[in-house]
Amino acid sequence: MENLAENDMLVDDYDQYPAEKTDVVVVSRSGSDEPESAPTADDHAAMMAKVLPKNSDLETLDEVHNTWRLSDWRKMERKSHGPIFRCGDSPWRILFFPYGNQTEFASFYLEHAWEGGPPENWYACVQFALVLSNVNDPSIYTHHVATHRFTAEEGDWGFTRFSDLKGLFSHAWEGKSVPLVQDDEAIVTAYVRVVKDPTGVLWHSFQNYDSKKETGMVGLRNQGATCYLNSLLQSLYFTNAFRKAVYQIPTDQEASRENSAWALQRLFYNLQTNDVAVSTTELTASFGWQSSQIFEQQDVQELSRKLMERLEHKMKGTVAEKVLPDLFVGKTKTYISCINVDYESSRVEDFWDIQLNVRGNKTLDDSFRDYIQVETLEGENKYEAGQPYGLQDAKKGVIFESFPPVLHLHLKRFEYDLNLDMMAKVNDYHTFPMEFDAAPYLSEGADKSESWVYQLHGVLVHSGNLDAGHYYAFLKPTKDGHWYRFDDDRVNRATDKEVLDENYGDSQQRTNGATGGRSAIRTNNAYMLVYIRKTKQDNVLLPVTKDDVPSHIEKRMSEDRVEMLRRKKEREEAHLYMNVGVLNEDAFRNHHGFDLTSNDLPADDPALPTPYKILRAKKVSEFAQEIAEERGLKPESIRFWVMVNRQNKTTRPDQVIRDPEMTVEEAYNKYGTKGQLFRLWMEVAPTGADGKPTSWPDNDSILIFLKNFDITAQTLTGVCSVYVQKSQKVSELAPTILSKMDWPAGTEFLLFEEIKHTMIDVMKPKQTFQQSEIQDGDIITFQRAIKESELPPSALYTDARQFYDYLLNRMEVQFAPIKTNEGDTFYLTLSRKMTYDQFAKKVGEHLKVDETHLRFAPVMASTGKAKPFLKRNVNQNLSQILNGQYGAYGYTMHRADALYYEVLDMSLTDYESKKCFKVTWLPDGVTKEEIVELLVPRSGTVADLLSALQQKLELGDEPIRIAETHSGKVYKELREEQNVAAINEYATLYAEKIPSEELKLDAEDRTIGVFSFDREPNRTHGIPFKFVVKPGELFAETKKRLSARTQIKGKNFEKIKFAVVPRASFSNAKYLEDGDILSDVAAGADDFLGLDHPNKNRSFWGKSDGFSIR
1 MENLAENDML VDDYDQYPAE KTDVVVVSRS GSDEPESAPT ADDHAAMMAK
51 VLPKNSDLET LDEVHNTWRL SDWRKMERKS HGPIFRCGDS PWRILFFPYG
101 NQTEFASFYL EHAWEGGPPE NWYACVQFAL VLSNVNDPSI YTHHVATHRF
151 TAEEGDWGFT RFSDLKGLFS HAWEGKSVPL VQDDEAIVTA YVRVVKDPTG
201 VLWHSFQNYD SKKETGMVGL RNQGATCYLN SLLQSLYFTN AFRKAVYQIP
251 TDQEASRENS AWALQRLFYN LQTNDVAVST TELTASFGWQ SSQIFEQQDV
301 QELSRKLMER LEHKMKGTVA EKVLPDLFVG KTKTYISCIN VDYESSRVED
351 FWDIQLNVRG NKTLDDSFRD YIQVETLEGE NKYEAGQPYG LQDAKKGVIF
401 ESFPPVLHLH LKRFEYDLNL DMMAKVNDYH TFPMEFDAAP YLSEGADKSE
451 SWVYQLHGVL VHSGNLDAGH YYAFLKPTKD GHWYRFDDDR VNRATDKEVL
501 DENYGDSQQR TNGATGGRSA IRTNNAYMLV YIRKTKQDNV LLPVTKDDVP
551 SHIEKRMSED RVEMLRRKKE REEAHLYMNV GVLNEDAFRN HHGFDLTSND
601 LPADDPALPT PYKILRAKKV SEFAQEIAEE RGLKPESIRF WVMVNRQNKT
651 TRPDQVIRDP EMTVEEAYNK YGTKGQLFRL WMEVAPTGAD GKPTSWPDND
701 SILIFLKNFD ITAQTLTGVC SVYVQKSQKV SELAPTILSK MDWPAGTEFL
751 LFEEIKHTMI DVMKPKQTFQ QSEIQDGDII TFQRAIKESE LPPSALYTDA
801 RQFYDYLLNR MEVQFAPIKT NEGDTFYLTL SRKMTYDQFA KKVGEHLKVD
851 ETHLRFAPVM ASTGKAKPFL KRNVNQNLSQ ILNGQYGAYG YTMHRADALY
901 YEVLDMSLTD YESKKCFKVT WLPDGVTKEE IVELLVPRSG TVADLLSALQ
951 QKLELGDEPI RIAETHSGKV YKELREEQNV AAINEYATLY AEKIPSEELK
1001 LDAEDRTIGV FSFDREPNRT HGIPFKFVVK PGELFAETKK RLSARTQIKG
1051 KNFEKIKFAV VPRASFSNAK YLEDGDILSD VAAGADDFLG LDHPNKNRSF
1101 WGKSDGFSIR
């Protein structure tokens, strides 16, 4: 609570407030809109019932009221306390600011009155009301109500703006002739009820909350929008038999971050042993997810299925091979049973989870009854039972043959809204019980020797709408334990009401958008339920201990934690250390570019300074001693020069650190460049005849560095550092250079000063070094004079200045084939000044192809995909080509160091006179596809396109066709005479041989369009095609022809469900059974045949990029 400062202005005279009426909001004023029987302030029992009505969900531990008469209001202390009273074994009192707590309102609070502070870990959950009333007329009062969790940190709670001081003193109370405060007197009564905390977190602020300490469990961190993943993972983790099975997957030979089973083992181990919330980053990376998918909510059912498929694959051939099916797989039977004859057509299928309708169903049992409801086929819709039965009245439906020990029920809280033409959230009220008997939904022949009663184990909740929502889970980790809420990184106890009632959905009856008397729809509701069969609970919730964890996982995790602690300690001690880069002669001799070294070199390049991490307090002499021991030198032979950044953007040794007793930090602060790495040149004195280091040169000496430009090898290399006198002539370097290079006497050479990258000057031999303005750290490059006739053909640069210009403009460019299987990726070092033809020639030489048959495409910086191919432009150089395109904010839209290339069958000029089409060739039904690129003249026809396809694939004269498709359905077949310019460039083109049965159609045969969809007909995928419909053919026979047409066989074909879908009403798909006749059901000219099967590449509700698990 904020305390008022002693020098704050006092309010001595309340009569200063004018008497005019002001707009003041007051809670529960007597006489405002209350009935005549409203209690008075002195009727404490009635007032307690009014202001603190009992809550049936909360157990009262104790409740009291306490009255404090406020006398001489204007003379009271600015911060006053009422008398102490007890409730729930704790002392309490009213805290009162008669002049307001930094406001023009009276301020009242309830606070604990523990002298010296409450006991350790003390808290109390309190409902309280403060009632301020007139001393003479108890019908004049105002009150406020609050609930609070009182702790040592939050020891008071109440109302800073309890009531306006003007209204209390100067205004007649509503319906009365006097104000509430009369003669500076009033009565304040505290009504206090201490209630039992059922979960340990009632009214908790969750500041500094420790899930592990409070519950023994930890949560999962949210990466951005991965709360849906977290809720599913916690549910699977606490399905102990599943966790044990995951640990049994052998991953010791595939212990890598690409192995999702290994990553899941590590995540489960962390959940089992960590003290803080666990990250899922490693797991999602093992799925192969991109960063964009981390920020997209995905379909939990789809994620669950894909995860199960992946783990089942990993478990094949292991001791855990059958664990997942034994835990999660049940069986359904789809049937058509004749009513009047003994004939039934049925198919039994496995299920991993059950999708239940919420819309139109009030309870879980309603949803199950809806799922197994029986349709009667009669009248015009009779079932064709084949010979000898013919058309028969029949019952059609689905029944369960068995349920798994762990039952995953997905409530359809998201469905396609035809009116909105989009997915929408279903918030309808839908109840589910703690115990659920599945027996009524089993077939008559199912095994019922054991109870089929299920116990609720988990409720996965979605709160919000389709566009913005949050996922969390309620789980009961043990058979007889408590419920807990798992909300990302927080875990806390929960009540049965929180698990059940609060997740049933919106109970208001709403029609046409009406809110049923409430402004907001309840949007937190269950979307997935996990039930465990009671007779199998001990097998499912069996204990999982550290002994179940694979030894290599535990060993690796222990190593990772040790490394993490090491890095943490390193971070904590980082302020004690500093980084120093030390350059020496060896590094300089390995340098082949500008300056003495370069920051752009690869990390392992020997020309880089040697990095050291040293204590800031270490003396320079101690650092020299360390390096001397490392290199086998004498400490006195080493001295350091500080390297500084010159104004010409070079980095050179500037001055010697002459005081070896100063610390490295002091040297950096005095000589170094602030904010940059402290770089030192390490000078080593040569050893004299006496075996001791020679003395350092005098102050008239200049330290310079020599480089050699080898004109024959076309290289620039560091040679050595030497001292020269200021008064020496430049030509006097000759003996040193001849000696270092082992050149014969009389060898001629040229000298250049490397002033900066763009300034290389010829030196005059007769000038002194002082006249040439040479100073410590300058670089002199020499070049042996060679006759032009003696130069090899590879010598492009005959002068050091030309070579320096090449170094200034050279760049490494990556070239990759635009089709991954049509060439190698390679790198070329090129000059930015090269023209299009020049770098094309270099690429052609590397690939050994004619450069006129090459074309190039820039690489998108964000995706790595190819941009449109470049036009040949003789006026642009390589630098302009790679850096020429900028986005709205000035950044390049494509990479400045890479190009895709393609080798053409013709010259680029010829190629650009044609139009390219990508056609998907279907060689064998719809199971295989091959992308073919075809070139036809821009003025050509579809016949030219067909001819090019036949020629490229060597198809001969077999009749083929090309169809234009949109949204997974055939739009039209392309006619041979049609001009290719009219083909929609955004359409997908499919080509195939025309099936023989289409070429030999009978008189009554016709064709129907066929497409694939995933559960909802509007969610299309796959390859559409045409299919021959034969009149009167039973669908059991039609399916055989469909299998032959598509080349989908075996189990994959058996999983497909077939439906007739009218073009005009996609929501009215009619599913087919073996006894149906396709020609009768699909009687409309615009009807489609739909193949309902999962889309392996399906995205979530139409997102552009689907997700998968690697």
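Here the UniProt record's numbering is used: position 594 in the sequence shown is 594, and no number is missing along the way. Every residue gets a Cβ at the ideal spot worked out from N, C-alpha and C, and that includes glycine. Treat the numbers as computed from the prediction; the structure is a model and nothing was measured.
Whose CA, out of the options, lies closest to the CA of residue i?
i, options, result
"Arg533", "Trp452, Phe128 and Asp905", "Trp452"
"Asp604", "Asn240, Met217, Asn590 and Asp1014", "Asn590"
"Val348", "Phe1088, Lys1055 and Lys1096", "Lys1055"
"Ala1044", "Ser996, Asn1068, Gly1090 and Asp1080", "Ser996"
"Pro1062", "Ile1077, Ala1082, Leu1078 and Asp1074", "Ala1082"
"Val684", "Lys692, Val319 and Leu677", "Lys692"
"Ser71", "Val188, Pro179, Gln876 and Trp173", "Val188"
"Ala857", "Tyr900, His575, Val178 and Phe815", "Tyr900"
"Gly864", "Glu845, His853, Ile818 and Lys848", "Ile818"
"Gln775", "Arg784, Glu753, Glu788 and Lys787", "Glu753"
"Asp350", "Lys1096, Gly360 and Pro325", "Pro325"
"Asn525", "Leu110, His462, His44 and Lys536", "His462"
Using 10 angstroms around the beta-carbon of residue i, count the other beta-carbons present and answer buried if the total reaches 16, otherwise exposed.
i, result
"Phe206", "exposed"
"Glu254", "exposed"
"Ala745", "exposed"
"Asp1086", "exposed"
"Lys1000", "exposed"
"His457", "buried"
"Ser286", "buried"
"Met860", "exposed"
"Gln676", "exposed"
"Lys764", "exposed"
"Tyr99", "buried"
According to DSSP, which residues form a beta bridge with residue i?
i, result
"Asp487", "Arg490"
"Arg975", "Answer is none; Arg975 lacks a bridge partner."
"Asn524", "Ser463"
"His966", "Lys969"
"Gly1009", "Lys1026 and Phe1088"
"Met759", "Lys756"
"Ile336", "Ser345 and Lys396"
Quick check: what's the CA-CA separation for residue i versus residue j?
i, j, result
"Asp1005", "Glu933", "35 Å"
"Ile553", "Leu460", "29 Å"
"Ser443", "Leu475", "31 Å"
"Val530", "Asp480", "16 Å"
"Ala424", "Glu415", "6 Å"
"Arg652", "Leu882", "33 Å"
"Phe238", "Phe128", "39 Å"
"Phe594", "Leu807", "8 Å"
"Tyr577", "Ala587", "24 Å"
"Ala146", "Arg193", "11 Å"
"Val1060", "Tyr454", "37 Å"
"Gly469", "Ala225", "9 Å"
Once the 5 residues before and after residue i are set aside, which same chain residues still bring their CB inside 6 Å of it?
i, result
"His212", "It is worth fixing the name first, because residue 212 is Lys in this sequence and not His. Val218 and Asp275."
"Phe328", "Trp352, Pro404 and Val406"
"Ser879", "Arg832"
"Met47", "Pro39"
For residue i, collect the residues of the same chain with a Cβ closer than 7 Å to its Cβ; drop the 5 residues on either side in sequence, then sort them by chain order.
i, result
"Asn1068", "Pro1062"
"Thr511", "With a pLDDT of 40 at Thr511, under the threshold of 50, the modelled position of this residue cannot be trusted, and the question is left open."
Is any heavy atom of the ligand MN found at a distance shorter than 7 Å from the C-beta of residue i?
i, result
"Ala49", "Within the structure as shown, the ligand MN is missing, as the structure has no ligands at all."
Using a Cβ-Cβ cutoff of less than 8 Å, which residues in the same chain neighbour residue i once the five nearest sequence positions on both sides are dropped?
i, result
"Ala446", "Phe400, Glu401 and Ser402"
Checking contacts by CB at 8 Å: is residue i closer than that to chain D?
i, result
"Val499", "Here chain D cannot be found, since the structure has a single protein chain."
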